[in-house]
Ligand SMILES: Cc1ncc(COP(=O)(O)O)c(C=O)c1O
């Protein structure tokens with residue numbers, strides 16, 4: 282049996298994979314089992330922030346791996362404490378809870394918002410407003426938070442306490458807050474899985490002001506938008522607002538699993554010893570890798586992300602066959618006359634990996650993709666469009 286057959290026979294059938302076995306990579310180049318080269322415009326769905334097998338990251342990870350791979354959260358470790366300090370210093374948040382994935386981080390944020398409210402107002406004020414077309418994860422609570430019916434089908438009953446507002450419609454958020462006992466509003470700065478749709482600045486600012494006036498916690502899901510992806514360290518930074526809580530994962534670890542809940546002043550003590558936890562959360566190897574990523578997300582790198590994003594938009598926005606380009610920085614969605622998946626398949630054939638989101642082609646390259654590869658890949662993408 283070849284690897285495709287073994288996978289199909291033994292791995293749960295939850296993914297629709299492209300027919301490629303990737304075996305190695307360096308930066309933004311990946312190679313399959315036959316030696317064919319691909320330029321990677323997907324970075325493992327916004328995970329490999331500095332591309333494949335990045336030397337700095339490998340050194341940070343292997344150095345820690347050779348010292349101590351895991352301790353449990355009963356003891357202190359240096360990488361976990363230092364990563365939390367760096368995250369707080371760069372965002373103004375006060376404390377960090379570490380988990381292993383985006384969904385787990387969002388679960389932590391939901392728990393923190395509810396507990397903040399219980400401690401201050403008593404039981405009952407527990408509803409979270411999220412947005413239609415959002416995506417917050419695959420666990421039952423984060424599926425319930427996800428404002429897309431398609432993801433809910435066949436998995437009920439769900440945890441209660443989630444209601445869905447229209448994105449970019451402040452009145453819709455306010456009405457739901459007035460009609461329910463709301464403790465938090467949670468949203469993605471750019472709806473990723475929903476089709477790479479950025480929120481409007483005016484909407485985000487109105488929601489932030491309303492939340493502050495009503496002691497409702499403003500929560501950003503930065504699982505995909507975080508860690509430099511949009512051209513700011515975190516996506517909310519484009520909007521001139523400060524969240525009470527935000528979550529991140531994906532690109533923070535650079536390829537190892539990590540999720541983080543960042544808690545601001547209001548929520549920093551919402552979770553106490555024994556109220557939440559995770560066996561692997563704050564794992565020293567993952568945290569050592571994450572430090573090496575965060576340290577390299579400098580103002581210069583962010584400027585480069587914005588410049589490369591603008592280059593892609595300019596190349597594509599008026600190109601024949603393209604209807605629109607959406608997104609921020611190096612998180613872009615391209616609506617074409619052809620379905621996104623058809624273009625992704627054609628790109629694969631010609632040695633470029635792109636993703637899709639709904640009907641769009643989705644582009645999420647490494648933050649440091651070299652210009653020569655970016656130009657080559659966008660040229661091929663244009664041919665396929
Ligand atoms: C905005 C957002 N939130 C949450 C998740 C879930 O993250 P994970 O798959 O790491 O649980 C994703 C994954 O795509 C995401 O894009």
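In our numbering, the protein residues as written are 282 to 666. Virtual Cβ for every residue (Gly too), placed ideally from N, Cα, C. Remember, it's a predicted structure, so these values are computed and weren't measured experimentally.
Opening and closing residue of the beta strand (DSSP E) in which residue 426 lies: Per DSSP, residue 426 belongs to no beta strand (DSSP E); it is in the alpha helix (DSSP H), 421 to 426.
Residue 370 versus 545, 302 and 416, residue with shortest Cα-Cα distance: 545
Own chain residues within Cβ distance below 8 Å of residue 351, not counting five before or after: 561, 564, 565 and 566
For residue 570, the three-state DSSP class (helix, strand or coil): helix
Any non-hydrogen atom of ligand 1 within 7 Å of residue 559 CB: no
Beta-carbon spacing of residue 417, residue 374 below 8 Å: No. Outside cutoff.
Cα-Cα separation between residue 341 and residue 543, rounded to whole angstroms: 23 Å
Straight-line Cα distance separating residue 585 from residue 592: In this structure, the straight-line span from the alpha carbon of residue 592 to that of residue 585 is close to 10 Å.
Contacting residues, own chain, Cβ-Cβ under 7 Å from residue 598 (five flanking each side not counted): Answer for residue 598: 606, listed in chain order.
For residue 526 and residue 663, the rounded distance between their alpha carbons: 40 Å
Cβ-heavy atom distance, residue 417 to ligand 1, below 7 Å: yes
Distance between residue 626 and residue 619 (C-alpha atoms, nearest Å): 12 Å
Limits of the unbroken beta strand (DSSP E) element including residue 410: 408 to 412
Residue 330 Cβ short of 7 Å to ligand 1 heavy atom set: no
Nearest residue (CA-CA) to residue 579, options 638, 628, 611 and 648: Closest in C-alpha terms to residue 579, from the list 638, 628, 611 and 648, comes 648.
Residue 504 Cβ short of 7 Å to ligand 1 heavy atom set: yes
Delimiting residues of the alpha helix (DSSP H) encompassing residue 343: 336 to 348
Residue 387 Cβ short of 7 Å to ligand 1 heavy atom set: The beta carbon of residue 387 sits closer than 7 Å to at least one heavy atom of ligand 1.
Boundaries of the beta strand (DSSP E) in which residue 456 is found, first to last residue: First-last for residue 456: 451 to 460, but that is the alpha helix (DSSP H), not the beta strand (DSSP E).
In DSSP terms, what residue 321 is bridged to: 634
Residues near residue 275 in its chain [Cβ-Cβ closer than 7 Å; skip 5 each side]: The requested residue 275 is not part of the displayed model; the chain covers only 282 to 666.
CA-to-CA distance, residue 411 to residue 609, given in whole angstroms: 21 Å
Which residues DSSP lists as bridging residue 541, in chain order: 379 and 529
Any alpha helix (DSSP H) of 4 or more consecutive residues that is wholly inside the stretch 575 to 662: 580 to 597 and 621 to 630
Any non-hydrogen atom of ligand 1 closer than 7 Å to residue 326 Cβ: yes
Close Cβ partners of residue 444 (< 7 Å) along its chain, the five nearest in sequence each way excluded: 408, 410, 457 and 461
Enclosing alpha helix (DSSP H) for residue 286 [first to last residue]: Taken as a continuous stretch (DSSP letters only), the alpha helix (DSSP H) holding residue 286 covers 284 to 291.
Nearest candidate by alpha-carbon position, reference residue 616, set 582, 476 and 509: 476
Contact under 8 Å by Cβ, residue 485 with residue 522: yes
Alpha-carbon to alpha-carbon, residue 449 and residue 483: 8 Å
C-beta atoms of residue 455 and residue 402 nearer than 8 Å: no
Element boundaries [beta strand (DSSP E), containing residue 503]: 498 to 503
Outcome for residue 315 when other beta-carbon atoms lying within 10 angstroms are tallied against a minimum of 16: exposed
Close beta carbons around residue 305, own chain, < 7 Å, minus the five adjacent residues each side: 312
Simplified DSSP assignment, three categories, for residue 371: helix
Per-residue burial, residue 406 [other beta carbons within 10 Å of its own, 16 or more giving buried]: buried
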